[in-house]
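In my numbering, the protein residues as written are 1 to 569. Glycine included, every Cβ here is placed at the ideal spot set by N, Cα and C. Since we're looking at a predicted model, the values are computed, not measured. For reference, the structure is listed below as structure tokens.
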Amino acid sequence: MALSWCLCLAMALFSGPGTIYALAPENEVTLHPTTWLSENRVTPVHLPKGHTRRLYFTLKKKADLLSVTVSPCAVPIEWSLAVRTLKDKPPKKAHWSSKKSMPEVWWRGSGREVRIYTYTGNAVDTYTGPANAPASIYILRLKSNEQDTQVSAYLHEGPGPSGAFPELPSDPRVHTLGVGMTSVTLNWAPSSSIAVKDGHRPHREYCVLVNHKHNYRNLCAAHEGIRKEIQSMQKRQRRDKQSKEIVWATSKDWWWRQPNALKDHESSTTDKFEDTGCVCRDIESVCTVSDLLPNTQYYFDVFIVDRVNGTSVAYTGTFARTHEEARSAITSLREGQVKWVTLSWEASSQGDQFLFKPRGWQQNGLLTLHTCNGTSKVKVSVSSKGQTLTSQEVGHQLAQIWLHGAPSYLIQLQALIPGSSSTIPKGDSKKSKFCLKMQASSAYHRRAMPVFPTTLQIKSFNKLRTCNSITLAWMGTEERSLYCIYRRQIPLDSKHTSTDRCVDPESRPADERVFCKYFQELDQRRAVTTAVVGQLEPGMLYVFDVYLMRRWGLPIKYHSKTVRTRSEC
């Protein structure tokens, strides 16, 4: 007997672990970590691709109904709910030698497993049904066949809604109220889950998301899409090492710029509601999305977010295409025509376009521009056949642009918004506009542009000032040109003495004109001409203006000069 027992023990020791396992009972279950599904709590679950995750739960004795809600993220999943019922309730203390988890104890007992519900898809789905026998354990199986993803599960016991998930109205669609060039206005039926009580803001609110690709079924999928977009752009930035600027898809895609969008995928999706980039976050069921691009299709999604429970539900999203950018009409600019153009600083203003065709076979011309506001600036772009020839800014000084080498020229004027020191009051359309004079002429055939005087200041000589005359001097040019002098009398206490520089000489009264004279000096240092203006009244204040008249281009106005004649001589 002793010898037989020793031989059996030796064979058991030398046969290896496989033999020991074979000696175990046939319904032995290997010990695995057990995940329990808690009641009235959102449980996040990470699903590796191709692996089945199991969650277990039991019901209370008095529970007659149960509901299980599973919310997928970005990809479709398979989930099922099964119940394993025992004929006899398992003992509180198992008599097996090794330590067993509770599901293993249920598996060891006699009973049967019944699958009561299955679902495949990427929408939020809820199973509601009666509770089984008290001695039952429920198994929730989750599986993703496409890729790793995140899922959340929620268990509720008893009749009625759980209250953890917001409720959608009977019409869960998002409607489009209006579409503009850079904005879209949306509205939707309000939810009964969002209500202001006792003046306190509810813990639920609407969240509106916008993107270029498609509508999302839930908030987690939207967040996942944002995360992938950021990752793909970061990869492109690393490949392009020469670029020093951050490259975004568009300068107005604010919905991508999330500071914490790249958190670990194992973290709960309920912790990321603050990082989803809602363009509207409010309790009102209307939203205007601004800063969009013209002629672009956008997809809009509305979610009801519960910040306390970490849950959300989605309306049925919509899409809309913004209107095309308004194209300004092209105005023909005739030879030598003085064109008055009114420009606006408003952001919606697209500028004005003009077409000029020079005369003759040389295809040359001279473009002259002059703003009528001392603080205004205009961007002038000249192109031909889709190719930009020149682009420059025009300020308070008269500007000349030489046109050559093309049969026609497209001239585009765009007002530049002044700096912060020249702010425009909102709603004051008159102060947001200014005038500009423009002329194009092909009569000027020289290859170089006309020369301006070195200075446009007018000098008066105090020693030569009398009771009825004054002496003026100004700089001329090397070209033989006509200079015209104008005068006007103003009150002695007048504060505005300067003449509008956009006033043409031809538009001034005839009695203000004194005389005109020709002048030419090849030496620029000596190109100074003088004039004596007589027939003035003693002790009176006068404003004198000098115009350089040209056969081509706009007249050049010198700065106004105010002089008072002597009272006693």
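- Minimum Cα-Cα distance from residue 41 among the listed residues 363, 288 and 310 corresponds to 310.
- Beyond the five residues adjoining it in sequence on each side, residue 342 comes within less than 7 Å, by CB distance, of 433 and 435 in the same chain, given in chain order.
- Distance from the CA of residue 149 to the CA of residue 131, rounded to the nearest whole angstrom, comes to 30 Å.
- For the set 510, 437, 507 and 127, the Cα lying nearest the Cα of residue 378 is the one of 437.
- In the DSSP secondary-structure assignment, residue 211 is bridged to 299.
- Residue 217 counts as buried, since no fewer than 16 other beta carbons sit within 10 angstroms of its beta carbon.
- Look at residue 516 here: in three-state DSSP terms it is strand.
- Measuring C-alpha to C-alpha distances from residue 462 to each of 483, 410, 562 and 193 identifies 562 as the nearest.
- For residue 222, there is no enclosing beta strand (DSSP E); the enclosing alpha helix (DSSP H) covers residues 219-239.
- Measuring C-alpha to C-alpha distances from residue 386 to each of 371, 407, 398 and 400 identifies 407 as the nearest.
- Straight through space, the alpha carbons of residue 477 and residue 526 are spaced by roughly 10 Å.
- In the structure shown, the three-state DSSP call for residue 125 is strand.
- For the 7 Å CB-CB criterion, residue 154 and residue 57 do not form a contact.
- Spanning the alpha carbons of residue 124 and residue 183 requires a straight line of approximately 31 Å.
- Distances from the alpha-carbon of residue 314 to those of 71, 67 and 43 put 71 closest.
- Buried is the label assigned to residue 303, since at least 16 other Cβ atoms lie within 10 Å of its Cβ.
- A contact is defined here as three or more CB-CB pairs under 8 Å, and the region 481-497 meets this definition with respect to the region 541-551.
- Per DSSP, the continuous beta strand (DSSP E) segment holding residue 371 begins and ends at 365-371.
- Residue 458 holds the alpha-carbon nearest to the alpha-carbon of residue 543 among 405, 458 and 521.
- Around the beta carbon of residue 364, a 10 Å sphere encloses 16 or more other beta carbons of the protein chains shown; the residue is thus reported as buried.
- According to DSSP, residue 44 shares a beta bridge with 152.
- Secondary structure at residue 524: helix, using DSSP grouped into helix, strand and coil.
- Between residue 219 and residue 144, the C-beta spacing is not below 7 Å.
- Secondary structure at residue 567: coil, using DSSP grouped into helix, strand and coil.
- Burial state of residue 147 is exposed, judged by a 10 Å Cβ sphere holding fewer than 16 other Cβ atoms.
- Ranked by how close their Cα comes to the Cα of residue 324, the residues 566, 397, 292 and 355 have 292 in first place.
- Excluding its 5 nearest sequence neighbours in each direction, residue 169 has C-beta neighbours in its own chain below 6 Å: 189 and 191, listed in chain order.
- At the C-beta level, residue 413 and residue 351 come within 7 Å of one another.
- Taking C-beta atoms under 8 Å as the contact rule, residue 472 and residue 380 fail to qualify, at a distance of about 33 Å.
- Spanning the alpha carbons of residue 285 and residue 201 requires a straight line of approximately 15 Å.
- Taking C-beta atoms as the reference points, residue 552 and residue 443 count as a pair closer than 7 Å.
- For the pair residue 320 and residue 174, the CB atoms are not nearer than the 7 Å cut-off.
- Listed in chain order, the non-local C-beta contacts of residue 499 below 7 Å within the same chain comprise 543, 545 and 560, local neighbours out to five positions each way being set aside.
- Looking only at 316, 520, 156 and 368, the smallest Cα-Cα distance to residue 63 is reached by 156.
- A direct Cα-to-Cα measurement between residue 233 and residue 224 gives close to 14 Å.
- For the set 209, 211 and 194, the Cα lying nearest the Cα of residue 203 is the one of 194.
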